[in-house]
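Numbering (this note's numbering), first residue to last: 330 to 425.
Beta carbons are placed, not taken as given, at the ideal position from N, Cα and C, and that holds for glycine.
First up is the structure itself, then whatever we jot down about it.
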Amino acid sequence: AAAKLTPDNLTSIQELGLQSVGIRTAPGGLLVSINGQPLPFLQFTQLTELFSLIDLAGAFGSGDSGMLDSLKGPLEQALPLLQQFGIGMTVNFPGQ
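This is the structure we're talking about:
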């Protein structure tokens with residue numbers, strides 16, 4: 330399932346001053362940045378810990394936990410390879 334932002338989501342993003350969110354895999358966890366500023370390292374040693382983090386993010390999100398749940402299967406297959414190579418992405422938000 331593709332992630333979809335509603336107009337209300339975009340308004341909230343603008344009000345929070347979010348210009349970009351970056352994420353990069355690393356051995357043992359994820360590196361996350363907001364507006365180019367790094368956040369604390371999100372460490373996990375087992376996929377169940379990562380899935381708990383995904384569940385927590387869904388609890389604070391827009392209520393569409395199905396979209397986040399759909400990431401678990403692909404993550405379980407791809408994450409070991411992604412962590413090995415340090416793959417990352419940055420999402421830039423419009424209107425900033």
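Coil, strand or helix - residue 359 by DSSP: Here residue 359 carries a strand assignment [DSSP, helix/strand/coil].
Three-way DSSP call (helix, strand, coil) for residue 369 in this model: Here residue 369 sits in coil by DSSP.
Supposed close pair residue 372, residue 387 - CB separation, criterion 8 Å: Separation of the CB atoms of residue 372 and residue 387 is rounded to 20 Å, and the pair is thereby denied contact status at 8 Å.
CB of residue 422 within 9 Å of CB of residue 347, strictly: Taking 9 Å as the cut-off, the beta carbon of residue 422 is found closer than this to the beta carbon of residue 347.
Top-ranked residue by Cα proximity to residue 368, from 385, 350, 403: Measuring C-alpha to C-alpha distances from residue 368 to each of 385, 350, 403 identifies 350 as the nearest.
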